[in-house]
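These notes concern the structure reproduced below.
Residue numbers (my numbering): 3 to 159.
Structure (structure tokens):
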């Protein structure tokens with residue numbers, strides 16, 4: 003059983019991820035964060051999850067998320083990189099569904115996303131999470147960068 007947390011559980015990506023996680027037989031969903039919905043039950047916001055989880059939204063915190071084996075970030079670009087170094091240092095594996103770790107060159111990242119990267123030292127270790135190409139590497143990675151839709155479509159044809 004894998005203990006999982008989700009940062010940013012109220013957007014479209016987070017909601018779809020929650021739907022998949024709560025029905026997965028090997029996942030124990032422990033934390034779902036949302037600053038705006040903190041304290042509210044996840045199933046109250048997403049009625050389709052009633053009966054699948056009793057988890058309540060919490061404020062994002064490295065201390066609580068570090069209790070997880072794996073943390074997903076379903077957040078806007080620039081968010082994950084602020085928490086990932088501390089989580090990785092505590093032995094937590096991370097999958098970022100945004101673009102924070104997709105490019106290994108911080109200057110190129112800044113050119114495309116318009117901001118400085120907050121944890122350049124982790125960029126080189128992040129694995130591009132396309133399992134059709136990197137299955138073994140993804141399986142053992144500490145940080146997985148979820149590929150975007152365009153590169154995935156082009157790569158897989």
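Heads up, the beta-carbon is just placed ideally off N, CA and C, and yes, glycines get one too.
Below 8 Å CB to CB, which residues in the same chain sit around residue 70 once its five sequence neighbours on both sides are set aside? 5, 6, 7, 32, 33 and 94
By Cβ distance below 6 Å, which residues in the same chain neighbour residue 128 in space, the five residues on each side in sequence not counted? 103, 145 and 147
Is residue 55 helix, strand or coil when you go by DSSP? coil
Residues that residue 98 bridges to, as DSSP identifies them: 75 and 147
I'd like the span of the beta strand (DSSP E) that includes residue 127, first residue to last. Per DSSP, residue 127 belongs to no beta strand (DSSP E) and is neither H nor E.
Between which residues of its own chain and residue 150 is the CB-CB distance below 8 Å, once the five residues before and five after are set aside? 101 and 104
Which listed residue (12, 56, 10 and 86) has its alpha carbon closest to that of residue 24: 56
For the candidate residues 154, 14 and 21, whose alpha-carbon lies nearest to that of residue 76? 14
Residue range of the beta strand (DSSP E) that includes residue 105: Per DSSP, residue 105 belongs to no beta strand (DSSP E) and is neither H nor E.
Measuring straight from C-alpha to C-alpha, what distance separates residue 84 and residue 59? 20 Å
Establish whether the CB of residue 110 and some CB of chain C are separated by less than 9 Å. The chain labelled as chain C is not found in the depicted structure, where only one protein chain is given.
Report the rounded CA-to-CA distance for residue 109 versus residue 98, giving the unit in angstroms. 19 Å
For residue 30, list the residues DSSP reports as bridge partners. 5
Could you check the C-alpha separation between residue 132 and residue 38 for me, to the nearest Å? 32 Å
Beta-carbon separation (whole angstroms), residue 9 vs residue 35, contact threshold 8 Å: 5 Å
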